[in-house]
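Novice: One structure is given below, represented as structure tokens, and several questions about it will come after.
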Amino acid sequence: MPDFPASLIEFQRRFADDDACAAWLFAARWPFGFRCPACGHAKAWAHGGKSFTYECAACGKQTSVTAGTLLHGSKLPLIVWFWAAYLMATHSNGISALQLQKQLGLGSYKSAWLLCAKLRRAMVAPGRTRLAGLVEVDETEIPLRTKADPVAGGGGRSSQGKMFVAAAVEVENDAPGRVRLAAIKDFSAASLHGFVAANIAPGATIKTDGWPSYPGAPGVRHDPHVIGNMAAHVVLPWAHRVFSNAKTWALGVYHGLRRKHLQSYLDEFVFRFNRRRARHPAFRSLFAIALVGKPLTYKTLIEPEPRG
Ligand SMILES: [Zn+2]
Numbered sequence: 302m303p304d305f306p307a308s309l310i311e312f313q314r315r316f317a318d319d320d321a322c323a324a325w326l327f328a329a330r331w332p333f334g335f336r337c338p339a340c341g342h343a344k345a346w347a348h349g350g351k352s353f354t355y356e357c358a359a360c361g362k363q364t365s366v367t368a369g370t371l372l373h374g375s376k377l378p379l380i381v382w383f384w385a386a387y388l389m390a391t392h393s394n395g396i397s398a399l400q401l402q403k404q405l406g407l408g409s410y411k412s413a414w415l416l417c418a419k420l421r422r423a424m425v426a427p428g429r430t431r432l433a434g435l436v437e438v439d440e441t442e443i444p445l446r447t448k449a450d451p452v453a454g455g456g457g458r459s460s461q462g463k464m465f466v467a468a469a470v471e472v473e474n475d476a477p478g479r480v481r482l483a484a485i486k487d488f489s490a491a492s493l494h495g496f497v498a499a500n501i502a503p504g505a506t507i508k509t510d511g512w513p514s515y516p517g518a519p520g521v522r523h524d525p526h527v528i529g530n531m532a533a534h535v536v537l538p539w540a541h542r543v544f545s546n547a548k549t550w551a552l553g554v555y556h557g558l559r560r561k562h563l564q565s566y567l568d569e570f571v572f573r574f575n576r577r578r579a580r581h582p583a584f585r586s587l588f589a590i591a592l593v594g595k596p597l598t599y600k601t602l603i604e605p606e607p608r609g
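Residues in the sequence shown are numbered consecutively from 302, following the working numbering.
Okay, structure coming up:
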């Protein structure tokens with residue numbers, strides 16, 4: 302990936318228009334020069350009529366800098382994508398679709414929401430490795446926001462129903478390392494064993510509060526700390542810190558989370574948490590994932606997400 306500005310002013314200078322954004326995307330996609338996705342030929346002409354589109358000199362296929370990526374087919378100017386990714390990746394709390402719509406002067410809440418939803422899909426690196434070593438594992442309930450609750454928060458919040466979330470936090474030298482959060486169906490052994498298998502490498506040791514669903518999780522050593530009525534944060538301080546930060550963030554930025562898109566929002570929290578010491582490079586990783594990501598339809602984005 303090409304390098305990336307380390308401050309807001311540098312960002313503004315460097316990505317002043319769509320041409321500058323397209324040049325950066327070109328360099329990120331084809332670091333060794335253009336390659337036709339159809340025939341592999343290296344020579345192409347800039348297309349006269351279509352912006353940021355190249356026509357293969359051998360087979361004639363037209364390829365835009367965003368073709369086949371998460372940005373595929375978007376009607377939004379590239380500069381809007383860049384600003385949105387920058388704000389989402391580098392702000393310590395991220396930014397809601399409503400705030401983004403206002404900040405970037407977008408025509409509708411829907412297009413702001415779709416932009417955020419697509420960027421959120423670029424927050425899980427394909428093939429990321431599972432957590433290893435000593436890993437705190439815990440589960441919690443969070444209140445769900447219903448469709449009737451207003452986008453901007455305020456009164457009328459119904460608190461019917463809860464959603465279930467599992468967390469895993471690597472612990473190295475008494476400090477938190479990488480984190481994973483997942484929406485789960487319930488606190489059963491099947492759900493929690495599934496979470497452990499998907500997120501924790503074989504051979505790791507999981508430290509839990511002794512909840513009876515954890516024993517027998519395949520491939521890992523189990524270190525239960527049965528705490529009875531004692532405060533659980535004493536035993537699993539980092540998992541509790543992560544839950545508490547995630548809940549505060551969800552209320553502060555989103556006025557609560559909806560069941561339908563819970564996993565995407567958890568992924569956003571984890572993306573930012575895991576890059577908390579390197580916010581500016583976070584933009585680069587967001588685009589690195591977006592460029593290998595597959596185009597997403599509106600229908601895919603609004604469908605309810607599966608829970609483990
Ligand atoms: Zn070609």
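Don't be surprised by glycine CBs; every beta carbon is placed ideally from N, CA and C.
From the DSSP output, which residues share a beta bridge with Tyr355?
Specialist: Answer is Ala347, Thr364.
Novice: Around the Cβ of Leu309, are there at least 16 other Cβ atoms within 10 angstroms (buried) or fewer (exposed)?
Specialist: Classification of Leu309: exposed, given that the 10 Å Cβ count is below 16.
Novice: Does the beta carbon of His342 fall short of 8 Å from some heavy atom of ligand 1?
Specialist: Yes, since a heavy atom of ligand 1 falls inside the 8 Å radius drawn around the Cβ of His342.
Novice: Ligand 1 and Ala339: does the residue's C-beta get closer than 8 Å to at least one heavy atom of that ligand?
Specialist: Flag set: Cβ of Ala339 near ligand 1.
Novice: Quick one: using the 10 Å Cβ neighbour count with 16 as the cut-off for buried, is Gly594 buried or exposed?
Specialist: By the 10 Å Cβ count, Gly594 comes out buried.
Novice: Quick one: what's got a C-beta closer than 7 Å to Pro605's C-beta in the same chain, skipping five residues either side?
Specialist: Excluding sequence neighbours, Pro605 sits near Lys561.
Novice: What residue range does the beta strand (DSSP E) around His523 cover?
Specialist: Counting along the chain, the beta strand (DSSP E) containing His523 begins and ends at 522-525.
Novice: Residues bridged to Thr598 by DSSP?
Specialist: Answer is none; Thr598 lacks a bridge partner.
Novice: Taking 9 Å as the CB-CB limit, is Ala345 close to chain C?
Specialist: Absence of chain C from the displayed structure is noted, only one protein chain being present.
Novice: Among the candidates Ser365, Leu399, Phe544, His342, whose CA atom is the shortest distance from the CA of Gly350?
Specialist: Nearest option by C-alpha distance: Ser365.
Novice: Got a sec? Which residues, its chain only, sit under 7 Å from Leu372 by beta carbon, not counting five neighbours each side?
Specialist: Result list for Leu372: Trp382, Ala591, in chain order.
Novice: Which two residues bound the contiguous beta strand (DSSP E) that contains Glu473?
Specialist: First-last of the beta strand (DSSP E) with Glu473: 463-473.
Novice: Is it the case that the Cβ atoms of Ala469 and Ala540 are separated by a distance below 9 Å?
Specialist: Their beta carbons are under 9 Å apart, which means Ala469 touches Ala540 by this criterion.
Novice: Do you know how far the Cα of Ala358 is from the Cα of Lys344?
Specialist: The alpha-carbon atoms of Lys344 and Ala358 are separated by roughly 6 Å.
Novice: Pro503 to Val571, Cα distance in whole Å?
Specialist: In a straight line, the C-alpha of Pro503 is about 21 Å away from that of Val571.
Novice: At which residues does the beta strand (DSSP E) containing Ile443 begin and terminate?
Specialist: From DSSP, the beta strand (DSSP E) with Ile443 extends over 435-444.
Novice: Quick one, are the C-beta atoms of Thr509 and Leu537 less than 9 Å apart?
Specialist: Taking 9 Å as the Cβ cut-off, Thr509 and Leu537 qualify as a contacting pair.
Novice: Any heavy atom of ligand 1 inside 8 Å of the beta-carbon of Lys362?
Specialist: Yes, ligand 1 has a heavy atom inside 8 Å of this Cβ.
Novice: Could you compute how far the alpha carbon of Lys419 sits from the alpha carbon of Arg559?
Specialist: Using only the alpha carbons, I get a separation of about 17 Å.
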